[in-house]
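Novice: I'd like to ask you about the structure that follows.
Protein chains: 2
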Amino acid sequence: MKVVHTPLHALHDGGMELHRGELVPCFEMPSRVDHILGALTRDGHAIQAPRDHDDAILERVHDPAYLAFLRGAWAEWRAEGREGFMLAGAFPARGLRRDIVPTGLHARLGYYSFDAGSPIVAGTWQAARAAAHCALTAADLVAAGERSAYALCRPPGHHAGRSTMGGYCFLNNAALAAQRLRDAGFARVAILDVDYHHGNGTQEIFWERGDVPFASIHGDPNTEYPFYLGHADERGAGAGEGCNHNFPLPRGTTWPEYEATLARALEALAAHAPDALVVSLGVDVFEGDPISQFKLAAGDFRPLGARTAALGLPTVLVQEGGYAVAEIGENVASVLATFA
Amino acid sequence: MKVVHTPLHALHDGGMELHRGELVPCFEMPSRVDHILGALTRDGHAIQAPRDHDDAILERVHDPAYLAFLRGAWAEWRAEGREGFMLAGAFPARGLRRDIVPTGLHARLGYYSFDAGSPIVAGTWQAARAAAHCALTAADLVAAGERSAYALCRPPGHHAGRSTMGGYCFLNNAALAAQRLRDAGFARVAILDVDYHHGNGTQEIFWERGDVPFASIHGDPNTEYPFYLGHADERGAGAGEGCNHNFPLPRGTTWPEYEATLARALEALAAHAPDALVVSLGVDVFEGDPISQFKLAAGDFRPLGARTAALGLPTVLVQEGGYAVAEIGENVASVLATFA
């Protein structure tokens, strides 16, 4: 399978996240990519660099004002004489207004965020932009006739909404890939999100659209991040009514229940008769993941991939989470092997 | 003036706040009380302990489920084997649902919070409850005939909404005092909030009520905390339509402009013909405050108090912010002197 990768991801490094009352180095770290790249190279996948895309294409999915904020945030931070990393500390949550974009830097940082776990550092914009280009390039490859392609995106993307960052995500790579496939002529592009955490950003972006049905299998948001989206009663609205399919599962879920749920998710997507597929490929459903609570074994990733590949659709796989760094390469490689 | 104080406030100590990408000790610290108490003792004010009130009275202003959360949060945290302090990290902000109270501890912590700056420690509930009792006791004193009384509340309260904590605040002491005065027979209780930061919690609690008109003079939320409330166009709703008066002012505001604005705020409140007054007394409008940006001099607090006292209403003064610790006692004492 063609693999799209750029070392620019490593520019996003050095930030910390607020985790259970402590600032800790982000679980989402550059070495994740090294392990994936190692396993995919060993397996003989063809690695290629992303094609550069004009920033205007990002506006197909994201709010221009949000993009402008991301692009300039670090320079504003430095202009205030600050160093380290940017981390939002106050948010337009319950009881507060969401209808005014405030002018101050810290106010805007919180306005565009929903957690204190997604640090912006000097290279974040460049890395996020490069990750988006990986996803767009993989979509271009599939649009050009490849049966499948894999975008080794970092930072990940599925938590990023039209104008929100969070969960280590800034630009929604999977949403950009899906939109790219739509723009290339595919009539209906399904998105399957198998990351442990609900793909709240992707859901939000396509909530009112019927042309990009979305299904997500994830930890129950009652206890699992992102907490405030991902319930089964979220079905879409307007033209997207009935096109959103959430499958929250309890902590400790193992392969038999996961497999049955995956079958339901794939069936739900197939019912929309898609002609292309995007997979938000988080491998944090793995039992060894340090911040996730499903119990899939390494050997379960191959059938997970095989069931998905059996849809028989042109497919773009986009890397999302997975924080068991030593095993992440094998787990991703297992999925990709089933598409080859 | 009668001053209500309890040393129990000191149980709320040891937490840190996320401030500009760093965890730092809270600017809101126990020694603030020592300085205030020193100045007020010197000035001959009579210090008394709060009367204990049943927790049910807190439900006059706060959501019972929120109170249950605050009451049990630390025990839940410890039951997970955690130490240190609790600090929310993810929030139901833009793009996310606010209509479901999640079951998990960390999910609930974020659900009930709007910032990563209000740590819960072992003694937080006991201290917040004691601060509320100070405010209630001061209200009882005024209801019993005192012309004025001062509640030395810590933690402060005006950022706490019906079911939200933030800005160092857990229980809304000023709102509880106002409600107590209403329940004691005062027909219309005005609240004047002179803290540098908008009293978003108080505004929210009385937003749809005509019996507790609210006026706040504060830093422009475009750049100043709490960022997402406090604009001049917020006028109240329903029975409270026209009863909410916000006066955001720019950074660097000095006494002449402040005084003119205070006159407008007092005039707006007087138009509602209140028969009692609660003052949310933050003294972080002081030029030496480390996290605020107005430039009132120490000598401006006496006229600030005198203008307010000139309303001629039975008045409960409730301590809110003020982080120039060495000067906080003098500044509070200057205001209280004008009510004596």
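Protein chains in written order, with this note's numbering: chain A, 201 to 540; chain B, 201 to 540.
Glycine included, each C-beta is placed from N, C-alpha and C at the ideal position.
(1) Ignore the nearest five residues each way along the sequence and tell me which others in asparagine 373 (chain B)'s own chain have a CB closer than 6 Å to its CB.
(2) Below 8 Å on C-beta distance, what does alanine 256 (chain A) contact in chain B?
(3) Starting from threonine 402 (chain A), follow the beta strand (DSSP E) in both directions and report where the run begins and ends.
(4) Using the Cα positions of glycine 401 (chain B) and histidine 262 (chain B), report the straight-line distance between them to the nearest angstrom.
(5) Which class does glycine 488 (chain A) belong to by DSSP, given the choice of helix, strand or coil?
(6) Quick check: isoleucine 391 (chain A) and leucine 477 (chain A), are their CB atoms within less than 9 Å of each other?
(7) Answer with yes or no whether the minimum CB distance from alanine 279 (chain B) to chain A is below 9 Å.
(8) Is isoleucine 491 (chain B) close to chain A, meaning its C-beta is less than 9 Å from at least one C-beta of that chain?
(9) Per DSSP, what kind of secondary structure is aspartate 315 (chain B) in: helix, strand or coil?
(10) Return the residue from the list A:Ala360, A:Ser348, A:Asp475 and A:Arg382 that minimises the CA-CA distance to alanine 270 (chain A).
(11) Could you work out which residues of chain B lie near serine 313 (chain A), taking near to mean beta carbons separated by less than 8 Å?
(12) If we ignore side chains and look at the alpha-carbon of each, how far apart do asparagine 444 (chain A) and phenylalanine 386 (chain B) end up?
(13) Answer yes or no: do alanine 384 (chain B) and valine 204 (chain B) have a C-beta to C-beta separation smaller than 9 Å?
(14) Could you name the residues that DSSP lists as bridge partners for proline 193 (chain A)?
(15) Helix, strand or coil: which one does DSSP assign to serine 231 (chain A)?
(16) Identify the continuous alpha helix (DSSP H) that holds valine 532 (chain B) and give its terminal residues.
(17) Taking the alpha helix (DSSP H) that arginine 341 (chain A) falls in, what are its first and last residues?
(18) To which residues of the same chain is glycine 452 (chain A) closer than 8 Å at the C-beta, ignoring the five residues directly before and after it?
(19) Look at glutamate 217 (chain B) and glycine 317 (chain B) and say whether their C-beta atoms are less than 9 Å apart.
(20) Between the region 303 to 310 of chain A and the region 231 to 249 of chain B, do at least 3 Cβ pairs fall closer than 8 Å?
(21) Identify which residue in B:Glu408, B:Ala526 and B:Ile491 has its Cα closest to the Cα of glycine 419 (chain B).
(22) So with CB distances below 7 Å, who are the chain A contacts of leucine 218 (chain B)?
(23) List the residues of chain A that isoleucine 391 (chain B) touches, going by C-beta distances under 7 Å, in chain order.
(24) Return helix, strand or coil for isoleucine 257 (chain A), following the three-state DSSP convention.
(25) By Cβ distance, which residues of its chain are closer than 7 Å to arginine 435 (chain A), with the 5 residues on each side in sequence left out?
(26) Check whether the Cβ of histidine 445 (chain B) lies closer than 9 Å to any Cβ atom in chain A.
(27) Would you please verify whether the beta carbon of arginine 435 (chain A) is less than 9 Å from any beta carbon of chain B?
(28) Going residue by residue through the region 425 to 512 of chain A, where are the continuous beta strand (DSSP E) segments of at least 3 residues, counting only ones entirely within it?
(29) In chain A, which residues lie less than 7 Å from phenylalanine 386 (chain B) when you measure between Cβ atoms?
(30) Please list, in chain order, the chain B residues whose beta carbon lies closer than 9 Å to that of threonine 364 (chain A).
(31) Would you say isoleucine 247 (chain B) faces chain A, with C-beta separation under 9 Å as the test?
(32) Which residues of chain A have a Cβ atom closer than 8 Å to the Cβ of proline 426 (chain B), listed in chain order?
(33) Give every residue of the same chain whose Cβ lies closer than 6 Å to the Cβ of alanine 249 (chain B), excluding the five residues on either side of it in the sequence, and list them in chain order.
(34) With a 10 Å radius around its C-beta and 16 neighbouring C-beta atoms as the bar for buried, classify serine 231 (chain B) as buried or exposed.
(35) Does the Cβ-Cβ distance between leucine 381 (chain A) and arginine 260 (chain A) come in under 9 Å?
(36) According to a CB-to-CB cut-off of less than 8 Å, which residues of the region 507 to 532 of chain A neighbour chain B?
Specialist: So, to answer that:
(1) Answer for asparagine 373 (chain B): Ala331, Ala332, Ala335, Cys353, Gly357 and Val518, listed in chain order.
(2) Against alanine 256 (chain A), chain B offers no close residue; the least beta-carbon distance is about 23 Å (beta-carbon pairs closer than 8 Å).
(3) DSSP places threonine 402 (chain A) outside any beta strand (DSSP E); the residue lies instead in the alpha helix (DSSP H), whose first and last residues are 400 to 406.
(4) Each residue's alpha carbon lies about 10 Å from the other.
(5) Looking at glycine 488 (chain A) - three-state DSSP - the assignment turns out to be coil, as it is neither helix nor strand.
(6) Yes; because the gap between Cβ atoms is below 9 Å, this pair is in contact.
(7) No, its Cβ sits nowhere closer than 9 Å to a Cβ of chain A.
(8) Interface criterion not met: the Cβ of isoleucine 491 (chain B) is under 9 Å from no Cβ in chain A.
(9) If DSSP states are grouped into helix, strand and coil, aspartate 315 (chain B) belongs with the strands.
(10) The sequence given here has leucine at residue 270 (chain A), not alanine. For the set A:Ala360, A:Ser348, A:Asp475 and A:Arg382, the Cα lying nearest the Cα of leucine 270 (chain A) is the one of A:Ala360.
(11) Chain B residues near serine 313 (chain A): Ala293.
(12) Between the alpha carbons of asparagine 444 (chain A) and phenylalanine 386 (chain B) lies a distance of about 53 Å.
(13) Going by C-beta atoms, alanine 384 (chain B) is not nearer than 9 Å to valine 204 (chain B).
(14) Chain A is shown only over 201 to 540; residue 193 (chain A) falls outside these bounds and no answer can be derived.
(15) In this structure, serine 231 (chain A) counts as helix in the three-state DSSP scheme.
(16) In the DSSP annotation of this structure, the continuous segment of the alpha helix (DSSP H) that includes valine 532 (chain B) starts and ends at 525 to 537.
(17) Note that residue 341 (chain A) is leucine in the sequence shown, not arginine. The continuous alpha helix (DSSP H) containing leucine 341 (chain A) extends over residues 324 to 343.
(18) Within the same chain, glycine 452 (chain A) has close Cβ partners Gln493, Phe494 and Lys495.
(19) Result yes, Cβ atoms of glutamate 217 (chain B) and glycine 317 (chain B) sit closer than 9 Å.
(20) No: the two stretches stay apart, fewer than three of their Cβ pairs being nearer than 8 Å.
(21) In terms of Cα proximity to glycine 419 (chain B), the closest of B:Glu408, B:Ala526 and B:Ile491 is B:Ile491.
(22) The answer, in chain order, is Leu218, Leu287, Gly289 and Ala316.
(23) Scanning chain A for C-beta atoms nearer than 7 Å to the C-beta of isoleucine 391 (chain B) yields nothing, as the closest lies near 17 Å away.
(24) Helix at isoleucine 257 (chain A).
(25) Here arginine 435 (chain A) has Glu441, Gly442 and Asn444 as same chain residues with Cβ atoms under 7 Å from its own Cβ, once five neighbours each way along the sequence are excluded.
(26) No, no contact with chain A.
(27) No, arginine 435 (chain A) does not count as interfacial toward chain B.
(28) The beta strand (DSSP E) runs of length 3 or more contained entirely in the region 425 to 512 of chain A are, from start to end of the chain, 444 to 449 and 476 to 481.
(29) By Cβ distance, chain A contributes nothing, its closest Cβ being about 26 Å from phenylalanine 386 (chain B), past 7 Å.
(30) Per Cβ cutoff of 9 Å: Ala293, Arg294, Gly295 and Leu296.
(31) Taking 9 Å as the threshold, the shortest C-beta distance from isoleucine 247 (chain B) to chain A does not fall below it.
(32) Simply Ala290 and Leu296.
(33) Taken in chain order, the residues that qualify are Thr206.
(34) Around the beta carbon of serine 231 (chain B), fewer than 16 other beta carbons sit within 10 angstroms, so the residue counts as exposed.
(35) No, the Cβ-Cβ distance between leucine 381 (chain A) and arginine 260 (chain A) is not below 9 Å.
(36) Listed in sequence order: no entries.
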